[in-house]
Amino acid sequence: MITLDKLYLLSPEFILLIAAFLVLGIDIFGKRRWQKALPYWTIAGLLLSMVASFWLMGHKETVTDTMAADSFAYYFQLIGEMVVVLVTLALVDYLPGRTHQQGEFYALLLFAAIAIMVAVSATDLIMVYLGMEFLSITSYVLVGFLRNDKRANEAAIKYFLYGAVASAVMLYGMSLLYGLTGTTNLAAIAQKLTAGNLVSGYQWLLFPALLFLTVGFGYKSSLVPFHQWAPDVYDGAPTPVSAFLATASKGVGFALLIRVFVTALPAVKIDWVALLYALSVLTMTVGNFVALRQTSVKRMLAYSSVAQAGYIVIGLVAFNGKVPFTAFNGVSGVLFYLLAYAFTNAGAFIVVGAIEEHTGSTQMDDYNGLVKRSPFLAGVFLILLLSLAGVPATGGFMGKFMVFGAALAEQFYILALIAIINSVVAVGYYFKVIKAMFFVPGEGPAIAVAKPTRYALVITLAMTLLLGIFPSWFLHIATTSGLAMVGL
Amino acid sequence: MLKQFGFLGVHAIIALSVPLLGIVAAWLLRPKKPYPLKKTTYECGMETIGDTWVQFKAQYYLFALIFVLFDVEAVFLFPWAVAYNKLTLFGLVEGILFVLILFAGLIYAWKRNALEWQ
Amino acid sequence: MITQAIFIIVSLFTLVTALLVVRHPNLFSSALYLVASFFGVASLYVLLEADFLAVVQVMVYIGAISILIIFAIMLSKGMMGKHTSPHNQQDRWVALAGLLLAIILLYFLVALVQWPTTPVGPVPANAIQLLGQDLVGRFVMPFEIASVLLLAALIGAIAIAREREI
Numbered sequence: 002m003i004t005l006d007k008l009y010l011l012s013p014e015f016i017l018l019i020a021a022f023l024v025l026g027i028d029i030f031g032k033r034r035w036q037k038a039l040p041y042w043t044i045a046g047l048l049l050s051m052v053a054s055f056w057l058m059g060h061k062e063t064v065t066d067t068m069a070a071d072s073f074a075y076y077f078q079l080i081g082e083m084v085v086v087l088v089t090l091a092l093v094d095y096l097p098g099r100t101h102q103q104g105e106f107y108a109l110l111l112f113a114a115i116a117i118m119v120a121v122s123a124t125d126l127i128m129v130y131l132g133m134e135f136l137s138i139t140s141y142v143l144v145g146f147l148r149n150d151k152r153a154n155e156a157a158i159k160y161f162l163y164g165a166v167a168s169a170v171m172l173y174g175m176s177l178l179y180g181l182t183g184t185t186n187l188a189a190i191a192q193k194l195t196a197g198n199l200v201s202g203y204q205w206l207l208f209p210a211l212l213f214l215t216v217g218f219g220y221k222s223s224l225v226p227f228h229q230w231a232p233d234v235y236d237g238a239p240t241p242v243s244a245f246l247a248t249a250s251k252g253v254g255f256a257l258l259i260r261v262f263v264t265a266l267p268a269v270k271i272d273w274v275a276l277l278y279a280l281s282v283l284t285m286t287v288g289n290f291v292a293l294r295q296t297s298v299k300r301m302l303a304y305s306s307v308a309q310a311g312y313i314v315i316g317l318v319a320f321n322g323k324v325p326f327t328a329f330n331g332v333s334g335v336l337f338y339l340l341a342y343a344f345t346n347a348g349a350f351i352v353v354g355a356i357e358e359h360t361g362s363t364q365m366d367d368y369n370g371l372v373k374r375s376p377f378l379a380g381v382f383l384i385l386l387l388s389l390a391g392v393p394a395t396g397g398f399m400g401k402f403m404v405f406g407a408a409l410a411e412q413f414y415i416l417a418l419i420a421i422i423n424s425v426v427a428v429g430y431y432f433k434v435i436k437a438m439f440f441v442p443g444e445g446p447a448i449a450v451a452k453p454t455r456y457a458l459v460i461t462l463a464m465t466l467l468l469g470i471f472p473s474w475f476l477h478i479a480t481t482s483g484l485a486m487v488g489l
Numbered sequence: 537m538l539k540q541f542g543f544l545g546v547h548a549i550i551a552l553s554v555p556l557l558g559i560v561a562a563w564l565l566r567p568k569k570p571y572p573l574k575k576t577t578y579e580c581g582m583e584t585i586g587d588t589w590v591q592f593k594a595q596y597y598l599f600a601l602i603f604v605l606f607d608v609e610a611v612f613l614f615p616w617a618v619a620y621n622k623l624t625l626f627g628l629v630e631g632i633l634f635v636l637i638l639f640a641g642l643i644y645a646w647k648r649n650a651l652e653w654q
Numbered sequence: 456m457i458t459q460a461i462f463i464i465v466s467l468f469t470l471v472t473a474l475l476v477v478r479h480p481n482l483f484s485s486a487l488y489l490v491a492s493f494f495g496v497a498s499l500y501v502l503l504e505a506d507f508l509a510v511v512q513v514m515v516y517i518g519a520i521s522i523l524i525i526f527a528i529m530l531s532k533g534m535m536g537k538h539t540s541p542h543n544q545q546d547r548w549v550a551l552a553g554l555l556l557a558i559i560l561l562y563f564l565v566a567l568v569q570w571p572t573t574p575v576g577p578v579p580a581n582a583i584q585l586l587g588q589d590l591v592g593r594f595v596m597p598f599e600i601a602s603v604l605l606l607a608a609l610i611g612a613i614a615i616a617r618e619r620e621i
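Protein chains in written order, with this note's numbering: chain D, 2 to 489; chain L, 537 to 654; chain X, 456 to 621.
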């Protein structure tokens with residue numbers, strides 16, 4: 002049942018829903034002058050919703066059986082809302098001239114944000130599936146929205162086909178769990194699994210169920226055997242949408258991976274740790290080594306986002322819910338990493354988009370001498386790439402520090418070693434871009450960056466540095482949000 | 537309950553066999569002497585001009601899409617309507633909210649001329 | 456006993472038509488076989504005494520989705536009438552992998568797990584009413600979010616499938 006007087010805990014979702022209706026309404030009925038301001042209406046809604054999410058952090062209550070209102074959910078909601086704000090800023094000058102249906106685009110973006118918020122608060126398999134599917138459907142449309150762009154169409158179809166298969170497989174896994182326990186509630190599943198009196202031989206059922214769930218979540222967060230869609234989609238989609246997919250949408254995959262495995266399946270922790278261990282090694286290695294060979298910066302970023310997913314999984318492999326609870330519990334590391342990564346990677350995609358807007362190319366050669374043509378873009382990209390590579394004093398470094406630290410604390414020495422080797426390999430391709438921008442001479446007209454895009458980049462830059470230099474407050478929030486997950 | 541569906545199955549079999557019987561009987565009894573004039577289309581309309589397997593308008597698809605969505609809505613509303621007498625006020629309001637949200641979709645489709653034949 | 460026989464016939468029908476969907480060289484015929492396959496699934500729901508699901512299957516899948524698929528084929532250039540090859544270079548390997556996966560899954564889920572074979576009891580006569588009460592009770596959030604999802608899907612569908620932009 003639902004408790005009506007607790008309904009205010011869902012206010013971030015309600016605010017965004019109202020904002021989405023408002024945007025649609027203005028687009029259909031509003032005056033021309035109001036329609037021009039659509040992105041700013043969108044951003045206003047998102048900011049209000051962020052305030053609500055932030056305000057409600059620290060609560061740990063159940064509004065219904067199917068949705069949790071805990072810090073863990075609010076944390077991911079904040080990441081999602083923030084990314085969508087950045088994406089909207091980047092869209093302000095991107096959409097006009099490409100489509101006449103801007104209202105729909107912003108409304109769908111808001112719906113995607115709602116989907117994220119629903120998915121990360123889900124505490125019931127039905128809700129998990131609904132949230133994932135909601136996010137997928139809005140994402141497919143956003144990727145393929147520019148109908149005259151053949152590459153975007155191809156990306157949308159590819160994303161859709163992979164998504165349909167992955168979600169069907171995930172649903173099958175959920176049905177196995179339901180058949181075994183007779184409930185879809187995550188906490189109740191955990192209870193049933195530990196209480197016993199299940200059908201005999203049930204452990205044989207749990208492994209395929211676990212595997213199939215991982216397919217669904219791994220698809221969203223682009224872990225390696227399920228990543229094939231990622232490079233083509235990030236490459237073909239409108240660049241701001243790529244930024245959204247590579248950060249916020251990927252974060253949902255991780256949030257659900259954590260939520261479902263930690264709350265519902267602690268009984269088979271050994272199994273999922275082994276599974277994620279293997280996926281992590283695969284993801285890092287494949288992502289990095291393929292990224293090394295790319296000549297397009299956008300594709301390189303796509304493969305680098307795949308590799309980053311591999312680092313993030315380490316946190317869950319090294320998950321430790323024991324008391325005394327430390328910051329190196331793994332989950333908190335994942336949360337911090339995702340926050341830093343959201344700003345850094347979204348910023349990087351926006352930079353690539355801004356350059357593509359002017360040169361029409363994403364090739365590495367066209368980045369030669371960028372520092373002369375646009376010192377602003379070159380400077381921002383430098384910091385963001387350093388953060389992606391994990392250089393100290395950036396958010397990326399702190400994220401890696403937290404996650405690798407958790408691996409060491411749990412004595413996963415080999416995994417930590419593989420991760421560090423991979424990080425060194427990754428430095429190779431990040432520095433290739435830096436070298437091209439600063440040290441290889443190149444000619445070309447100066448690149449002007451639109452004002453809203455500039456704001457978005459300044460935000461990402463500031464946050465990347467802030468997270469690297471003064472991380473303690475953010476670390477505190479990430480730790481307490483992780484705490485909410487383990488039930489302390 | 538399965539028994540009741542059994543009646544339905546028997547009914548379906550009878551309903552299928554009646555036209556089949558007619559066709560089979562005609563096929564068995566008819567004299568087989570085809571010639572070109574006999575093979576032409578008769579009774580129902582004219583000879584087609586060009587290929588019958590042509591590309592259709594995309595708008596059919598749009599209509600079908602909208603139909604699917606409202607069909608799914610009907611599926612959700614059906615159990616709600618069956619339980620109507622047992623619902624609390626809250627349950628009633630929830631159902632109405634469900635319809636209203638989708639009604640917004642209808643208004644959108646209407647205003648965007650998606651329901652108009654172009 | 457009779458139920459068992461009906462089950463075997465119905466599931467064979469479903470499988471064979473499903474196979475024809477994949478293998479038939481004419482795409483339009485594939486779509487029609489899909490309808491038949493959906494019908495087989497609906498019959499399986501009936502055998503499981505899930506009559507609401509059976510009705511939903513007929514209403515949504517046969518009544519709406521098949522129509523959508525047939526329209527999609529009819530409006531695609533060069534898809535109608537012509538024989539498209541359902542083969543590609545990898546289909547042998549895919550078939551092998553699929554078969555292997557099916558055998559492994561069957562082994563895991565049927566041979567290793569002792570499913571309880573005692574009947575759960577009759578389905579309550581007011582099952583649909585209970586479902587309706589749960590939809591606005593226990594599962595009220597999924598219910599409402601489903602409507603938002605449908606709205607978003609509607610907007611996305613119209614934005615993408617419209618013949619002309621505005």
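Every residue, glycine too, gets a C-beta built ideally from N, C-alpha and C. Computed from a prediction, not measured in an experiment: that's the story for all the values here.
Check residue i in the structure and name its three-state DSSP category.
i: Ala123 of chain D; result: strand
i: Ser297 of chain D; result: strand
i: Asp150 of chain D; result: coil
i: Gln364 of chain D; result: strand
i: Asn481 of chain X; result: strand
i: Ala420 of chain D; result: helix
i: Glu444 of chain D; result: coil
i: Thr195 of chain D; result: helix
i: Tyr272 of chain D; result: In the sequence under discussion, the amino acid at residue 272 of chain D is Asp, which differs from the Tyr named in the question. Note: Asp272 of chain D maps to helix in three-state DSSP.
Taking 7 Å as the limit between beta carbons, can you name the residues of its chain near residue i, skipping five residues before and five after?
i: Ser496 of chain D; result: Here chain D comprises residues numbered 2 to 489, so residue 496 of chain D is not present and cannot be evaluated.
i: Leu79 of chain D; result: Met51, Ser54 and Phe55
i: Leu111 of chain D; result: Leu17, Ala20, Ala21, Val24, Thr43 and Gly46
i: Ala74 of chain D; result: Val121 and Ser122
i: Tyr431 of chain D; result: Leu386, Leu389 and Ala390
With 8 Å set as the bound, which would you pick, yes or no: does the beta-carbon of residue i sit closer than that to a beta-carbon of chain L?
i: Ile16 of chain D; result: no
i: Ile29 of chain D; result: yes
i: Gln512 of chain X; result: no
i: Ser602 of chain X; result: yes
i: Phe22 of chain D; result: yes
i: Leu110 of chain D; result: no
Just checking: is the beta-carbon of residue i within a distance shorter than 8 Å of some beta-carbon in chain D?
i: Ile610 of chain X; result: yes
i: Phe563 of chain X; result: yes
i: Met577 of chain X; result: Residue identity differs from the one stated: residue 577 of chain X is Pro in this sequence, not Met. Answer no: the Cβ-Cβ gap between Pro577 of chain X and chain D never drops below 8 Å.
i: Phe526 of chain X; result: no
Quick one, which of the options has its alpha-carbon nearest residue i's?
i: Thr286 of chain D; options: D:Ser176, D:Ala407 and D:Pro226; result: D:Pro226
i: Gly183 of chain D; options: X:Gly611, X:Pro571, X:Ala612 and X:Asn581; result: X:Pro571
i: Gly361 of chain D; options: D:Gln309, D:Ala279, D:Ile448 and D:Gly334; result: D:Ile448
i: Val307 of chain D; options: D:Leu283, D:Thr195, D:Phe377 and D:Ser223; result: D:Ser223
i: Arg566 of chain L; options: L:Phe606, L:Ala600 and L:Gly558; result: L:Gly558
i: Gly354 of chain D; options: D:Ala390, D:Ala292, D:Val392 and D:Pro239; result: D:Pro239
i: Ile29 of chain D; options: L:Ala645, L:Glu652 and L:Pro572; result: L:Ala645
i: Gln412 of chain D; options: D:Phe377, D:Leu131 and D:Gly316; result: D:Gly316
i: Tyr41 of chain D; options: D:Val404, D:Pro453 and D:His359; result: D:Pro453
i: Val471 of chain X; options: X:Val591, X:Phe493, X:Pro577 and X:Leu605; result: X:Phe493
i: Leu613 of chain L; options: X:Gly518, X:Ala601 and X:Leu499; result: X:Ala601
i: Ile356 of chain D; options: D:Tyr342, D:Ala343, D:Val372 and D:Phe344; result: D:Val372
Counting only C-beta atoms, is residue i closer than 8 Å to chain X at any point?
i: Gly546 of chain L; result: It is Val, not Gly, that sits at residue 546 of chain L in the sequence shown. For Val546 of chain L, the answer is no, since every Cβ of chain X falls outside 8 Å of its Cβ.
i: Asp66 of chain D; result: yes
i: Glu630 of chain L; result: yes
i: Tyr414 of chain D; result: no
i: Ala561 of chain L; result: no
i: Phe603 of chain L; result: yes
Tell me whether residue i, by its Cβ, gets closer than 7 Å to a heavy atom of the ligand FMN.
i: Gln459 of chain X; result: By its list of ligands, the structure shown contains no ligand whatsoever, and the ligand FMN lies outside what it can speak to.
List in chain order: all unbroken alpha helix (DSSP H) runs of 4+ residues lying wholly within the stretch 369-397 of chain D.
-> 371-374 and 376-390
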